[in-house]
Structure formats: structure tokens, C-alpha cells
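Here is the structure we will look at, set down as C-alpha cells.
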Amino acid sequence: MSDLVAQGLAEPPLIDPRKTFGDVTAEVSAPLEKKPGMLWKVFFGISLLLTLQFFAEIAYQMYKGIGIWGLNHPVGWAVDITSFVFWIGIGHAGTLISAILHLFRQRWRTAINRSAEAMTIFAVMTAGLFPLIHLGRTWFAYWLIPYPNVRFLWVNFRSPLVWDVFAVSTYLTISLCFWYTGLIPDFASIRDRSTGWRRGIYGVLSLGWRGSERHWQHYERAYMMLAGLSTPLVLSVHSIVSFDFATSILPGWHTTIFPPYFVAGAIFSGFAMVVTLLVILRKVFKMEDYVTIHHLENMNKIILVTGMMVGYAYATEFFVALYSGNPFERFTFLNRAGGPFAWSYWIMVSCNVISPQIFWFKRVRRSLVVMFIVSILVNVGMWFERFTIIVTSLHRDFLPSAWSYYKPTIFDYSVIVGSFGFFFMWFLLFCRFFPTISMAEVKSVLWSAKKTAAGHPKEPMPEETVHA
Amino acid sequence: MLNPFARKPAPSRGVLALYDDPDKLLRAATLAREHGFPDLDAYTPYAVHGLSEALGVKKSWVPWVTLVMGLTGACLALFFEIWTSAIDWPINVGGKPMVSLPAFIPITFEGGVLIGGTMTLAALLLACGLPNLGKPILDRDLTNDRFGLWVPEIGPEWNEQRIINVLRGTHATDIRVVRV
Amino acid sequence: MSHVNGGPKPPKYWAKPMDLEADPGAENAMQEFAQPSNADAIALEAADPPSRREFLKLLGAGAAFAAAGCARKPVEKILPYVHAPEELVPGVPVYYASTCGECPAGCGVLVKTREGRPIKLEGNKAHPLNKGALCPRGQASLLNLYDPDRLQGPILYGRGKGSKKPATWQAVDQRVMTALGEARGRGKVVLLSGTVTSPTTMALVKQFLASYPGAEHVVYDAVSQDALLKAQELMYGARAVPRYRLDKADVLVTLGADPLGTMISPVEYARDFYGRRRPEMGPMMRVIAIEPVSSLTGTNADERLRVRPDHLYPVAMAIANELLVAKPRGAAAPGGATGAVGTFEAATVERRAGLPFGTIARLADELWAARGKSLVMAGSQAAPAEQAVPLQMAAGLLNSILGNEGVTVDGSHPSRQAAGSEEEVLQLVERMRAGEIGALLLYGVNPAYTLPPAVGFAEALARVPFTLSFADRIDETAALVDVVAPDAHYLESWNDYEPRAGVRSLGQPAIAPLYDVRQFQDSLIVWGGGAPAGTSGSWHAYLRDRWRNDIYPTANAAAGFDLWWEGVLREGVQVAQGADGNGSARGFRGEALSSLPALKPGNDAEGLQLALYTPITIYDGRFANNAWLQELPDPMSKCTWDNYVAIAPSRAKALGVWEYEMKADVVTVDVGHAKFDLPVHVAPGLHPDVVGIAIGYGRTAAGRVGNGVGQNAYRLAEATAGRIGMAGIPVRLTKTGRMAPLAVVQMHNTTDHRPIVYDATYAEYQRDPRAGIEEPTHLPSMWTPHEYTGYKWGMAVDLTTCIGCSACMVACMVENNVPVVGKSIVLRGREMHWIRIDRYYSGNADDPDFAYQPMLCQQCENAPCETVCPVLATVHSSEGLNIQVYNRCVGTRYCSNNCPYKVRRFNWFEYSNIKEKSLRLALNPDVTVRSRGVMEKCTFCVQRIRDGKEHAKAMGTRVQDGDIVTACQQTCPTDAIIFGDLNDPKSRIAQFAQNGRGYHVLAELNTRPRITYQTKIRNREEGASA
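Protein chains in written order, with our numbering: chain A, 64 to 531; chain B, 15 to 194; chain C, 87 to 1112.
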């Protein structure tokens, strides 16, 4: 069988069968039980600083006005909504991995779904900031929520921005439920191996889970239901985000291809982000045994596929624009590829369409260095995709008299890096205090790995190791 | 169970047999079931497949909650949108009709997912009687690398010796009577 | 209701300041006008150029009274009326008929005041010149009243001209009397002023000068019509500007003249002009512009011929030659004409001027065909100094050949709007240098700034023992004098005007002087040895008496004087019998023609020629400190806050300079005697050999707004042989390699064949009124449209009559408290104008056609902005208005993104709290000021609609057509904007919306705009371009 594996005809085991259930618990809980390493401290320090300057910028903006950004009259949105869409997109990979792959019984997800879901939650938290701070009067952001007020005034349910409010908040809530459900048994495991205040805290977090079969029975079905709900949810959320543009009348925005195009893009960027994170995480917390090259390779395959989907979308969009005979539409796209913002358009194309093509080669797919670089490139490219869509469509629309250009200010940059700091800060905290790998699920995978391995005399029988 | 929320009188003690491997647990569970021990339960670090059948645990009713609550949420959302935009204060917005149904669909859907999802989690906790911090842990390894079969004390004719005898042949790493 | 459409309410006027003080309303007003504390004064001193931006931010519409409703804004202390004055009902505006005193044109205005504050100027319908319209400068002159940089009182300089200290009027009077007394010995007393159209003031001046033997009055205008006056004098014996009647002209030919923009009486000309340009209103006038730089008139002409300044005269003469010699048509020509024009042989002139062969013959034919119904106008400063007068004479000659004299050129009702003499002022400077002048009083002039440095006014001034300026600020000249006796603003003054013989209008104060200033005339009365016999001392009494003695008798009014006087004050204008009648031809003095130079033999000098022109916005520089005008884009270049070197595209290529996205190459402009650096502006339509630069910029002592904006182009002018030359000066441009920001508000100048502006030729229009319009394929709508049963407001904009003068833009800013944001913010593409004039080029890139298109909120029935607003901050009203609810807006800017017309404006910063007290007084209390972070846009002047509806309600009727007039419509000199109720079939708007030329911009988007545009009709033969 191993030769089959060598020939790539059979799936290699997702985890080393020689590990014991005990090893899993011990190794996964390790980072939580010992002091953080230097590397963690450095990363955390940097992200903390970036976060602080982010909130400093926001404070100054509240005080001075949105004018400190580079926006102007045709270009009403730029970095703000670009980053919003970018971060929402990042989130999608998490849900995809945990929910959709779960429904498809893709067991390799078990090693990565926990961190991917965490990424989702933090990405959505980050994304959620932008619709707030992009407002001219952020302090009235709650007016977007339909609550009974003295004006007897509700909200405009025809506005995609209101749809966003509901979509994003729902997405965050459900992701949290899903994530927490997954965490309960693991909290219990940690509770049972720790003492003192730690035991207290994790005991409360585990809600007193004891692993009774009657509970597992409900648990499994509930988890399945949540997965079932999250799957259409994740698709709907980015479709709705794309409606912000698709339902407007702006050439370059008013396009029916947007929902699938955006969803594909979201998965694409999300997986790239997961790869970026895991390559670091497995190194820093020595999780190589659990997050194997095999896992990463699978994700790279998805990056390759979605990358081509996105490329196809670009091509279709462009073709339709030229073919439609709509002069505004045609101009907008020629302007994208050849206008003042051509640089951002071509960054987008080279990063998103060209760079992933390298994953056609197995050796490259399995090279940590290459995949890390590509995943970064893809994230850059996807950020610029949103930037291109938003800014190039706005800066030259219907009346040439209103055309203008957009120049970012220092504050625009501050917001971009700040959002990354904010995201990584949360993620690092998560790595430090939560089990980054779903122990319960990995154990079930481990058992089947042992079963498969059992057929092999070379492998030792698991029983012996159990008591060792 | 007819009434999922009905609390049974909690047993004061029971026999706990520990195994280092889910297959052994499965065999023991089947055996115990054949001997007709009532209200069997098992404690495992992860969901072992086939165990519920072996123990004769009923299928979960949680999915029904998801379905019903999901539909309710969707209906509520749609009704709310129509009520606010067309009934409570109709306003001409961009020449659109008061009930712009296509525009109301996204939130209808989100409403369904939101209520459905949160209620599912609520139902799960309810069904498992969680949070429940008071109840003692039978054995710390049960959430780590041990698989335990639990035969609680039910009724007067309950006989711990008999149970232990039955389970002795099941390669248990340990069998003990636990008071709770 | 009458006052809604601008009709005057019974005005309340003050007999004399004393009455005013008795008036609690004014008293209250006075409280508001409390002088700034020392702290303010210091801050005011400390203001330096960098602080201008800050200051401008504050210039934006402010909290003040309007803010009373808005809790979060600082609320002004407002005092209740203890004894309410009868005429003054809080919340109800009072209108005073007066006259605009900012330029000599003397248009009648109605001053709208609220609680004692003038807040808006509107043209006086009763005034025969402007007939209810105003130019952008007239509209903006309100801000000059509240200009915080005005002097707060008189200033005395130390003898050494070093020290400068505020003084009391008593001190000033003493000083002046003694000084003038001494001056008797030392030399002449001279009053140097701009054109004064007030007959009473002139009478007073004479009287004043009489009390100082040998005293003289020298008149000088920076924007001078001297050449025209001189030519008129030579040709007809009288030094007066004739009345040009565009309303009687079938063909108008301009030779470097800009009657629609800045020449003499632009509003009057524009009023007459549009009546002959709307194709629905009978035969359309044909306009041919022959000019070096693109003027407002030229860009609205049906045919533009680009000609170098030094070729204007030859071309004019060649046309005359064509009419008299080449193809004699038996015209009655004055003796000697044939000889004078002899040398100007068409072919030669055409070759040298670079005109296509046969052009001149064609022009001659066209003019001849329209003889007696044509008009030739020439610009006084468009030709080189030595040709300025000849050019005017050539124009006059043409008019007389064509029999226009007495018809379109009416010398029997001369205009008094220009009187300045370049010769005299230059002589004056010489005499000052020679020490012949004992005392110099400067009124309404700023020669230290406007005279070419070569003249050496400053040094000459230093030689005058006593100098005094009436300037309202320490301007370039006032900084060099001994005494500054600030004159009151015209809205604080009594005055009368006679812009045209027999058309007499009155100026009455709409507010007490804000500061310790004294009207020029009052000062003269004091210094002229007290009040003249039979007057009660004050200038007001003097004025009244003169009207009683000189004008009342001629009016043969039935009523007694007092009643009649009140009536005139109410009307604001009194027109003598026949003053508006037809003119009679004057006899042409043939001998004058002998002075006309012959065509220079040989070829012309190569190289670039400078053409200094007067900008539409800040005129000769007197408006430099007026932020409304500084931020008003020049109609042709769309550039704000700067002057620039305008050059033709071909020339730019040759020089290797360019302008892109608000960045422009800086070039050094060198005329030999002066040079400076200035960014270029590439201006299609300019003659390739011409360099156009606007005067009026580069002020150093205008105030915090105007100082250091652009470069002073007067320095490039030359003074030769008693003339000041503004054009045809040889100039060298050298590229510096530096780039400079140029705050243009429109960077892309063609429609790219998009369905935005449609045009057609007159011929095509006559065949088919819908000519030129591409009928949109109407897309089916998913929804059934909403019904509008009550009022249904709509607007029509006629692109044919719109001349792009931009008066509407200023009117809108004044009416709606639209903030001024300053150059740095305009550079970031954030100007706030609710209505803008889009200017599109079409056809040939070097010599394009121009189209002006006012663009404002289209009030779409299917408004894309409304659908996307999450908080219902912009919704539709039952009357079809696209409402913007400021206090609900959270500022997502989504509406603006989704607006295909990009007419929404966002408050990027806090523009609404004005620190300068005086500026707050200019606010319209009926319009909310918008705070930071909210979107704003054109509301169709909803406050005026409300007002109109309330009045209709009070009268128990429906709103009548014309009762509600938007600010932009009200001031439009060419009636290009019509507003009204589309549901009223008899309304003008309903008829316009149906007339053949109506179309909607971007109709194919199916947004169903409420604004109907009317195609631009060009009166020319060949097919429509663009």
C-alpha cells in the first residue's frame, strides 16, 4: 500500500498511525500549557502596535472627518470598502473548510478546520469594522439597524448596505456557534488534564461536557445541521456583498456575474490566507505531524482551481463588456486595463491568475517556501481585485465632466496595515489559548488510520503502545 | 423519548468499565445490551460510530428544531420587511413599489439562517442538559484516551457483581463501581 | 407672494442713520455687528497664507441662526425683539430695491434682507438694463459687504509712512482739511477715481473741486474702454459709449470684444442677446466672433475665427474694403472711407491672418445681407496699443457703412458705464513725478496694482505731499497713502446711478454700516467746506434735494415729491421718457478716417503675442478677496483659484509642456520689461500664436483670500504713447521643468459621443425640431411608475441660450449656504457646488465648438441614489422631489457612487462653523447648514417652493406659474433655466418639456429625470458636429 502511496494512487494516511490518542491530546494542548515562545511574542508585539495605530487613526478620523482619506467626489469608496470585501472574502475559506468539506466527508479537514474557523471569525470581525468607520458619521452607525425609534423611521430594506448588515452579523453569529460547538469536547479534554484555575476556566468553557454517548448523539446531528446551514450561508454572504455593486447602475459594477465571481474569489483568497497562517502556525507550534504537507497540498490544489475560476470570471467580464456594445461598459473595462489604474488591474491579473499556475507541479505544490510566497501574492492580488472593481469603476463613470483620480493618503495606508494587525492579534491570542486542532475529530481520524495501518506487519500493533 | 425534557431520577452509583480502544467498547456495549442492562451509556473522547446503535440510544430530535426554527426565522424576517416598508410607513424610494419583493429576499434568507442556527445550538445544549458543571467526572481519561461503558443502578434488582462478571471477558483495562 | 418671484415688497428705508438707530431691529443687528475683540484682531493680523485654507473652511456656510434648530452645533446667542419694528416680521424677508455698485454697469438689484441682514441679491425686474438678472460678480458682491478683511475704521499714517494707526473721523477730517489747505500752495488737488455713473456724485465732486482752485478729476478704469471712447469722439464728436442693441441685431460680429462676459454692461447685453437666440422666438441671431483668446461670447458664437491681436484691425478694415472697394455695394460710406480701407486687400489680410481664403468676402456678404440689422463690436483692450483706437474706428466705420448707426448702435442714448481715460492717468503720473500735484485723492481705483510698473506710479505717489485713499481695505495703493478714509459698501450707502442716459436708479442702504466707515460722498461734503447751501448737511439730503430739483420736474409726476420719491425708491429705478426708445443716426466725421493707419507692408513679426483678458470671475482684481468668485470656475478653462498661461494645444506640443489631472507645467512668461512663472493651461480654441493670461490675480494686499493667488498680469502690460497696451505684446515662454497644481474642476472635456449634449444647426432645427437628438431605446421598467397628482416640479435647461456665465453657480451658493472649500480641497476634487456648468469641446481639437451644460440634481423619478441609501436619508416626495434628509444621513456616500450625474456633494470636513462673525451674517436662515459627514445636493430650492406654497395657501389658490423661481433661474441673464409645475399644462415648464428640443441626459438609464434639456442650436450651415 505504501508503494501505492508512493505512486500517488492511494491517499497517504492523514496522520502517523503510530501516534496514540494520548499523544494527540498532549501535543495539541501543549502550546496552551507552557509559556509562549519568543517568536509568538514578537509577532504579537507587532500586531498589537499595528492595532493601536489603527485605532489611533480611527479616533483622529472621528474627530477630523472622513476627509483625511484620499476620497473625492466621483470616488466615494476606496480602501474602506475594498478592505471590507477583502476580509469578508478571507473569512469564507474557514466556513468552507469546516462546513462544506464536512458535508463532503473530507476527513483531511479535521486537522485544519479549527484554525480556519478561527480565521473566519477574526476576518469577519475585522471586516465588520470597515462599514462602521467608512461612515461620515460613525457615531450613528446604529441607525442601520431597524429598531423602533422616536422618528418612527425604519431602514431601507432595498439597500444592499442593509442586506450587508444582516448578512455579516448572521455570518459572524453562526460561525461563532459552529466554532464553539466544535470546541466543547476539546475544552473538556483540556479541563480533564489541567488543574487549578485553568481547570476552572476550561471547565466553564466546556460547559461540563463529559462525552456521554447520548450527548454525542445530539452533538453529531447538531454539528451536521450547523454545517448544513453554514454552507448556503457562506455562499449567500458573499453574493450579498457582491450585490453592493451588482445592484447599482455603475458600469463595471452592474454585472450579473458578480455573485459566483465573488464567491470564487472569496474561497480563493481565503484558502491562500489559510495556507499563509498554517505554514507559520505548524512551524511555531510544531504541529507538522498534524498539519502535514499533504493537507497543504490539498489546499494548494483548491487555490489552483479557484484561481482559474477567478481568471475565467475576469475574462468573461471583459468579453461581455466589449461584446455587449454598451459604450459605458466597454469604456470602463478598457479604462481598467489601460487607464490610470492599469497598474492595479495588472497586479490583480498577475497575482490571481498567473502566479497560482505554478501549482500544476507537484513538487512546487509541496514546497513550503513557494506556497507561502504564492499565498501572499494571491492575497495581494485579491485585495487589488476589489480595489480595481471599486475605484476604476467610480473614478470614470457616466459624465466625463465628473471624472477624477484617486490618491490615497497616509491615513488610507494606516487603515490597511491596521486591519492586518487587528486580525493577526486575535489569531495569535487564539493560538495561545485555544486548541488549534480539533482533538476529538483528529482522534477519530487517527483510529481509522490505525485500522488501515493494521494490515501492515511493518507497523507495530497499536495495543502495545497504548499502555506504554 | 416522548418528553425530552423529563428528568429521570439520577442513579446514585453504577459500574464503569474502561477500554483503551473503541472496538472493545463496542463489543462490550453489545454484550451488555444482550444482558438487558437498562439505560446503558458510554463515555468517549470522540463520537464512536455505531456506538449509539450498540447501546440502543434513540436518534436525536435536534434537526427538527433547525428546520422549524429556520422556517420561522425566514417568515418573521419577510413579514417584518413588508410591514415596515409597506404598512407602517410607506415611502417612495427610487420609484420602487412599497413591497419590492426581490429586494426583500436576501434578508429573508439570512433571518432563516440566523434563527435556525442559534436555535440549533440552544437545542443541543438543552438536549445534553448543558451547561452542567456540577456533575462529577467519572474518569479524567474519558476525554483523553479511554473509552468507558457505564451501567447505572436502576431499580432494586440491580446487582453490581453480576454486571462485573458479564464485563470481565471484554478486555477492559479497568472495571469499577463508581458512586456519583 | 409677489416677493417670491422677486417683485419688491413695500421697502422700508431709512431717511438718515438716526432713524436707523431708533430702530430696535437695526439695533439688534448692530449688536450682531459688534466689532471683533482684540483677540480676533490679533488672530486677523496673524493670518498668513498657510492659514488661508483654515480661513476658507470657515468661509463655508456657518451655524449662526440656522443652527438654532440643530442641537449639536454651537448655537449663536439670538436676541428677541423687545419692541418689534412694524415692517420687520421675524422670518419674513424684506426686499429693498437698490443698485449694484460693484462695477459701473449699474444693474438694478433687490436686496433680500432677513432680520436686518442682507442675505441675497436679486436682479430688479423693473430695471431696463438687467431686467431681473445679475452676473456672477453682482451675485457675489454680497460677500464683499461681509468681508472680514474690510477696514473697521479710518487709518492715519505717520508722516514717515512708517507708523499706521486707527483714527477717529474727527482726526481724519482735521488732517485732511489742513492737508488740502496746504495743498493749495503746493500744487493741484486731484481726485483720481474709476468711472462714476452717479450724476449726483459727479455734481458733488464738481462742487468739491470748485472749493479747491484748479482741482481736477481724473477718471481711470483698469478694464478700460478708453479706445472705444476715443474712437467715438473722433468719429462722432462725443466721448461716450453708444448703446449697443443686440436685441435688434440679426448678425453680431465681435472683434476681440466680450459683450456677454465682461464688456461694459454684460447683463444688459446678455438679456438682449438671448431674446434673439432662442429658435422658438423668431429668426435666430447669428454670432461671429473674431478673437485671439476664447471669450465667453466667442465660445457661444456660431462661428469663431482665431486671429492674432495685431490682425484684428486689418481684418476689420479688410471687411470694410470688401464692402466698399472690392465688391462695391453702393453703401453710403463717409468721405475718405474708400481711401482709408484701400490698402486692406482681402487676400493679403487673409493670408497674413491665417484665415481661409474667401472668409472676409463671406463675412462681408453676411453683414451686407443683414445691413441695418447687424452689429460690429470691438474690444478696447484686444488689439495692440497703437491699433486699439483704429480697431474701434474700423468697427464704427463698418457699423456706419452697414447702416447700423442709430439702429443697433444708438448714440442718442449713450451709456455712462465707462469713462476712464488712459491718456489722462498716464499724464497724471507724469505730473505727480514732476511735483505738480499737491494732493491726490483715490476713489475706487488701485493704480499701484493695476498700472504697469513701467509707469512708476508708486514712486510718483511718493512725490505727492498729501495722498488719501477711500479704499475699504489697505490695498496695494492704500498702503502708500497718508490717510485711508474707508468708503462704505454700496449696500450701506445712498447713491444714484445713471448707467444710460435717462435710466436713473437709486441705491439705498439695506443695512447700517457694519464698521466705523463713512461714505465717500459724505466725506466730500465735509471736506468741501461743509454742506452746500440749501441742504441739511447729509449726503442723503443732498441726493434727495438734487432729485427734487433736477429730476422730479422732468418726471411730470402727478404726485407730490415725497410720494414720488418713495415710489422711485420702491421701484428702484426711474426711466425718463424715451430713454428706452429708438436712436437716431449720428453724422460720421469722415476726416477722422485720415488718422487710420494703412496696412503694414511686408510680413508680420513671428513669435508669440500676449493677450491679457479680464476674467469672468474676479474682473479687474477688485473681487480678488471674494471667495465665492475665487472658487467659481472660469467658464472656459474650468480653473479655480489661479490664473494661468493659456496656450493652444499645438503650441503646448511645440513647447513640450502639458497639463494633466490638475498638474501643469510651469513656464516663465517674459515680455522683456517683466517676467514671472505661471502654470500653463492648454486651451483649445486659442490662436496658436497667442498667450492668454487673466488680469486681476497676484494681489498682495487684497486680504486673506486673495493675497498671493496667481500672478499679477498687469505687470506685463505696456504703456506707450498715452495708451496702456494689454494685447499684442511680444512674449517669450520658457519651460521651467517644474510642475504646479492647477485646481481645475473638469479634467475631461469631451462627451465621448455619450448621450449628454445634443446639438444641431438652425437649418436642421427648422426642418425638424428634434434634430440632433438620438431617441433612446426605452427600456421596460419592472415597476409601475408612481403617480404625482398634486404639484409635479420640473425644470428645463436650454443649452442654446445658456452662455455659461456661471451666475447661477454663485446664486446657488448664496441661496443655499454652499460652503467654499479652498484651493487645496478643490485640488482633491471636493468642490461643493450644487450646480456646475459642464463645458464640453467638440469637433476640431485646435478650434473646437463649445457647449455649456448646467448640471445639477436631476430629481430623477427612479432615483438610483434613493434605492441604495440604507437609512432612508434620501427619498422621494409626493411632488417628485428627490429629498435629502441631512439629519438622517450617516454618510455612506453610496448615493453619490450610484448617481450617474455625480451631482451629490459630501461634507468631508466640518465646513459649517464659521469663525468669522461677519461672514455668518451672509447665511440664509431658511436653509440648514450641513454638518460634517453628511451628503448634500441641489434641492430645487425647496425653501422657495415651501415659501411659494405657503403664499398660495394664504391666497387660497394653487401656486401660479412663475410664483416659484429657483435661485439659479432667478439670476440667469439668458433665461436658460425654467422651473415650474409639470402638472399645470399652461406653465412654461410644461410647454418647454414638450417642445421639440427637449431631451433627458442619459435617458437610456431610465432614471426619468425631472430636468429636460433643450438641444443646443448653432446658427450655421454645415452639419452639426459633436
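C-beta atoms are modelled at their ideal positions from N, C-alpha and C, and glycine is treated no differently. All of these numbers come straight from a predicted model, not from anything done at the bench.
Start and end residues, alpha helix (DSSP H) containing C/Val1127: Residue numbering for chain C in the displayed model covers 87 to 1112; residue 1127 of chain C lies beyond these limits and cannot be assessed.
Quick check: the Cα distance between C/Lys159 and C/Thr700, rounded to an integer number of angstroms? Residue placement at C/Lys159 is flagged as unreliable, the pLDDT there being 43, under the threshold of 50; the coordinate-derived value follows with that caveat. Each residue's alpha carbon lies about 41 Å from the other.
In angstroms, rounded to a whole number, what distance separates the CA positions of C/Asn798 and C/Gly506? 21 Å
Proximal residues to A/His165 (C-beta, below 6 Å), its chain only, five neighbours per side dropped: Ala290
Residue-level contact to chain C via CB, B/Gly108, 7 Å cutoff: yes
Short Cβ contact (7 Å threshold) for C/Asn712 with C/Ala780: no
Going by DSSP, what residues sit across from C/Ser184 in a beta bridge? C/Val195
Specify the secondary structure class of A/Ser537 as computed by DSSP and reduced to three states. Lying outside 64 to 531, the shown extent of chain A, residue 537 of chain A is not represented and no answer is given.
Mind checking if A/Ala251 is an interface residue toward chain B, Cβ cutoff 7 Å exclusive? yes
What would DSSP say about C/Ala882, mapped onto helix, strand or coil? strand
Using a Cβ cut-off of 7 Å, pull out every chain A residue sitting near C/His1086, in sequence order please. Going along chain A, no residue has its Cβ under 7 Å from C/His1086, so there is no contact; the nearest lies around 13 Å.
Using a 10 Å radius around the Cβ and a threshold of 16 neighbouring Cβ atoms, would you call A/Lys514 buried or exposed? exposed
Could you pull the DSSP bridge partners for C/Pro940 from this structure? Residue pairing by DSSP places C/Pro940 opposite C/Ile923 in a beta bridge.
Interface positions of the region 946 to 962 of chain C facing chain B (Cβ-Cβ less than 9 Å), listed along the chain: Within the region 946 to 962 of chain C, the qualifying residues are Cys946, Glu947, Asn948, Ala949, Pro950, Cys951, Glu952, Thr953, Val954, Cys955, Leu958, Thr960, Val961 and His962.
Buried/exposed call for C/Gly482, threshold 16 Cβ in 10 Å: buried
For B/Phe51, would you say it is in contact with chain A, using Cβ-to-Cβ distances shorter than 7 Å as the test? no
Looking at A/Ile175 and the ligand SAH, is the gap between the Cβ and the nearest heavy atom below 6 Å? With respect to the ligand SAH, the structure shown offers nothing to examine, as it has no ligands at all.
Using three-state DSSP, classify C/Gln1046 as helix, strand or coil. coil
Presumed contact (8 Å Cβ cut-off) between A/Trp510 and B/Pro111, rounded CB distance: Contact flag wrong, Cβ pair sits at about 59 Å.
Contact set between B/Pro111 and chain C, taken where Cβ atoms lie within less than 8 Å: The answer, in chain order, is Trp869 and Thr870.
With a Cβ-Cβ cutoff of 7 Å, do A/Val437 and A/Ser418 count as a contact? yes
Element boundaries [alpha helix (DSSP H), containing A/Trp63]: Here chain A has residues from 64 to 531 only, and residue 63 of chain A is not among them.
Which residues, in chain order, does the region 116 to 127 of chain B contribute to contact with chain A at a C-beta distance below 8 Å? So the list reads Ala117, Phe118, Pro120, Ile121, Phe123, Glu124, Gly125 and Val127, given in the order they occur along the chain.
Could you please give me the residues that DSSP links to C/Val661 through a beta bridge? C/Val589, per the DSSP bridge assignment.
Quick check on B/Pro77 - is its C-beta less than 7 Å from some C-beta in chain A? yes
Would you report the Cα separation of A/Ala230 and A/Ala122, rounded to the nearest angstrom? 27 Å
If we count the other Cβ atoms within 10 Å of its Cβ and call it buried at 16 or more, is C/Lys739 buried or exposed? exposed
Where do the ends of the alpha helix (DSSP H) carrying C/Asp358 lie? Pro352 to Gly361
Applying the 10 Å Cβ sphere with the 16-neighbour rule, what's the burial state of B/Ala46? buried
I'd like to confirm the pairing. Which residues does DSSP put opposite C/Cys725 in its beta bridges? Per DSSP, C/Val830.
Going by CA-CA distance only, name the one from C/Asp1061, C/Gln1077 and C/Thr960 that's closest to C/Leu1068. C/Gln1077
Using beta carbons (cut-off 7 Å, strictly below), is B/Thr58 in contact with chain A? yes
Hey, which unbroken runs of the beta strand (DSSP E) at 3 residues or more fall wholly within the region 553 to 600 of chain C? 581 to 586 and 589 to 593
From C/Ala129 to C/Val401, what does the alpha carbon distance come to, in whole angstroms? The pLDDT assigned to C/Ala129 is 39, lower than 50, so where the model puts this residue is not dependable; a value taken from the coordinates is nonetheless given after this. C-alpha separation (whole angstroms): 56 Å.
Spatially closest choice to A/Leu462 from C/Leu1088, C/Thr1014, C/Arg1106 and C/Asn948, by CA coordinates: C/Leu1088
DSSP-derived helix/strand/coil call for A/Thr319: coil
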